[in-house]
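Below: one structure, written as structure tokens.
Residue numbers (the numbering used here), protein chains in the order written: chain H, 1 to 110; chain C, 1 to 270.
Written as structure tokens, this is what we have:
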């Protein structure tokens with residue numbers, strides 16, 4: 001008989017990305033994915049490994065964003081641990097997706 | 001409610017890459033650790049000193065700018081300091097979360113005390129900021145990728161601050177009193193900033209160059225710095241003890257008082 005762990009579904013990276021589309025930036029109603037802040041997703045069994053950057057290095061909402069990422073991903077069946085690595089590649093407006101730009105335009109940001 | 005202190009591990013609990021970076025040359029590794037502490041401390045104290053003017057700057061707009069610059073600078077230091085823990089060097093300096101966390105400071109002495117006047121803020125942004133940026137330019141293609149990526153990202157963010165600082169210099173020099181006070185600050189700070197890049201051919205910097213960890217030597221960095229800051233100062237009628245040798249394409253600055261300078265901490269002995 002298979003145990004609980006074996007019965008549990010293994011999540012794909014695309015499923016994790018879709019879940020992160022529900023995590024909004026604390027300042028703007030745009031997801032972290034559409035702001036271009038998610039720079040890597042890997043799923044190792046029940047561990048979701050996320051590479052995350054910020055719009056600025058002095059972002060005051062760093063811990064809030066990370067808490068939100070953890071909270072959302074831990075709601076997924078099959079994810080038991082979330083490992084976040086903070087990375088510092090270049091980030092600019094060009095990293096915002098077309099959907100993200102549209103949403104920002106709607107709230108008068110760009 | 002859990003108390004969250006500025007800059008401790010409770011804030012931003014995400015981790016860095018935690019990848020060990022190996023350098024066989026101990027002299028280069030020691031110089032790299034020192035360089036990171038120097039960048040981190042100057043970013044930290046620049047942010048700290050500017051923050052103290054976020055509710056006291058001459059205009060509402062400049063007070064707001066001080067708050068934004070503080071956010072950037074402290075963020076830069078917070079991104080740089082963890083590298084000290086990743087490098088395999090015993091007893092590396094710790095990152096700062098508060099001013100008195102560590103007795104030994106690796107920042108220029110001009111940043112030691114709260115600024116008593118707005119002219120100090122302008123001088124620090126106009127003369128200390130660009131110096132740190134020159135060093136960041138020297139490591140932005142470093143073989144140590146974790147540092148290179150952070151340096152590039154900081155330089156991206158510094159573009160706005162640099163343009164703003166240039167505007168502040170023009171603004172303060174526009175009135176006679178501001179010009180006089182700013183000249184006094186430049187007189188206090190300029191020599192320390194020339195010393196800050198170190199003596200030509202400094203062993204630690206040369207070891208870093210040989211290892212592909214920095215791309216410029218001491219004098220190349222100093223000359224680049226002077227090319228960046230002196231034209232604006234001269235345009236604003238500020239006198240500086242340097243002259244341009246056009247035939248050799250370099251700035252001349254005479255003998256520097258190396259005996260007054262602490263090489264390890266890269267600051268005037270005070």
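Just so it is clear, CB atoms sit at the ideal spot from N, CA and C, and this is done for glycine as well.
Closer than 8 Å to chain H by CB, residue 71(C): Chain H, which has a Cβ nearer than 8 Å to the Cβ of residue 71(C), makes this yes.
Would a C-beta distance cut-off of 8 Å place residue 113(H) and residue 30(H) closer than the cut-off? No answer is possible for residue 113(H): it lies beyond the span of chain H, which begins at 1 and ends at 110.
May I ask you to report which of helix, strand or coil DSSP gives residue 243(C)? Residue 243(C) falls in the strand class under three-state DSSP.
Using beta carbons (cut-off 8 Å, strictly below), is residue 76(H) in contact with chain C? Using beta-carbon distances, residue 76(H) does not count as an interface residue toward chain C, since no partner is under 8 Å.
By the criterion of Cβ-Cβ separation under 9 Å, what are the contact partners of residue 98(H) in chain C? None at all; the shortest Cβ gap to chain C is about 23 Å.
When you compare each of 40(C), 134(C), 48(C) and 161(C) to residue 194(C) by their alpha carbons, which one comes out closest? Among 40(C), 134(C), 48(C) and 161(C), the Cα nearest to that of residue 194(C) belongs to 134(C).
Test item: CB-CB of residue 131(C) and residue 165(C) under 8 Å: No, the pair does not count as a contact, with Cβ atoms beyond the cut-off.
Within its chain, find whatever has a CB closer than 8 Å to the CB of residue 254(C); leave out the 5 residues flanking it on each side and keep chain order. So the list reads 241, once near-sequence residues are dropped.
Could one say the Cβ of residue 60(H) lies closer than 8 Å to chain C's Cβ atoms, at least one of them? Contacts with chain C at 8 Å (Cβ-Cβ) include residue 60(H).
Segments assigned alpha helix (DSSP H), at least 4 residues, entirely inside the segment 71-154 of chain C: Listed in chain order, the complete alpha helix (DSSP H) runs (minimum 4 residues) inside the segment 71-154 of chain C are 82-86, 118-123 and 129-139.
Could you check where the alpha helix (DSSP H) with residue 39(C) kicks off and where it finishes? Counting along the chain, the alpha helix (DSSP H) containing residue 39(C) begins and ends at 26-51.
Minimum Cβ-Cβ distance from residue 55(H) to chain C less than 8 Å: No, because no Cβ of chain C sits closer than 8 Å to the Cβ of residue 55(H).
Tell me whether the beta-carbon of residue 142(C) lies closer than 8 Å to the beta-carbon of residue 42(C). Not a contact, by the Cβ cut-off of 8 Å.
Using a Cβ-Cβ distance cut-off of 8 Å, determine whether residue 89(H) contacts chain C. Chain C contact via Cβ: present.
Restricting to runs no shorter than 4 residues, where is the alpha helix (DSSP H) found entirely within the segment 198-234 of chain C? As far as the segment 198-234 of chain C is concerned, its whole alpha helix (DSSP H) runs of at least 4 residues are 203-210.
Strictly under 8 Å for the Cβ-Cβ distance: is residue 156(C) near chain H by that measure? Closer than 8 Å to some Cβ of chain H, the Cβ of residue 156(C) qualifies, so yes.
Over the uninterrupted beta strand (DSSP E) stretch that includes residue 43(H), give me the two end residues. Residue 43(H) -> beta strand (DSSP E) spans 38-44.
Expressed to the nearest angstrom, what Euclidean distance is found between the alpha-carbon atoms of residue 211(C) and residue 204(C)? Counting only the Cα atoms, residue 204(C) lies some 11 Å from residue 211(C).
Provide the residue span of the beta strand (DSSP E) that contains residue 65(H), from first to last. Here residue 65(H) belongs to no beta strand (DSSP E); instead the alpha helix (DSSP H) covers 62-74.
Close-in-space but distant-in-sequence residues of the same chain around residue 273(C) (CB under 8 Å, 5 per side omitted): As displayed, chain C neither begins before 1 nor continues past 270, which places residue 273(C) out of reach and without an answer.
Tell me, to the nearest whole angstrom, how far the beta carbon of residue 146(C) is from that of residue 21(C); I am working on the premise that it is less than 8 Å. Confirmed, Cβ separation roughly 7 Å.
Taking the beta carbon of residue 7(C) as the centre, do at least 16 other beta carbons fall within 10 Å, making it buried, or is it exposed? Here the model assigns residue 7(C) a pLDDT of 40, short of 50, so the residue's position is not dependable and the matter cannot be decided.
Residue closest to residue 226(C), alpha-carbon to alpha-carbon, out of 173(C), 267(C) and 196(C): Here the closest residue by C-alpha is 196(C).
Taking beta-carbon pairs under 7 Å, can you tell me which members of the segment 141-155 of chain C lie near chain H? Result list: 149, 150, 152, 153 and 154.
Let me make sure I understand the geometry here. Which of 152(C), 269(C), 37(C) and 114(C) has the alpha-carbon closest to that of residue 53(C)? Of the candidates 152(C), 269(C), 37(C) and 114(C), the one whose C-alpha sits nearest the C-alpha of residue 53(C) is 114(C).
Alpha-carbon spacing of residue 39(H) relative to residue 248(C), whole angstroms: It is roughly 47 Å from the alpha-carbon of residue 39(H) to the alpha-carbon of residue 248(C).
Does residue 165(C) come out as helix, strand or coil in the three-state DSSP assignment? Three-state result, residue 165(C): helix.
Just to confirm before moving on: does the CB-CB distance between residue 157(C) and residue 56(H) stay below 8 Å? Cβ atoms of residue 157(C) and residue 56(H): closer than 8 Å.
Around the Cβ of residue 24(C), are there at least 16 other Cβ atoms within 10 angstroms (buried) or fewer (exposed)? With a threshold of 16 other beta carbon atoms within 10 Å, residue 24(C) falls short and is exposed.
Taking residue 243(C) as the reference, give the member of 235(C), 252(C), 236(C) and 237(C) with the closest Cα. That would be 252(C), whose Cα lies nearest to the Cα of residue 243(C).
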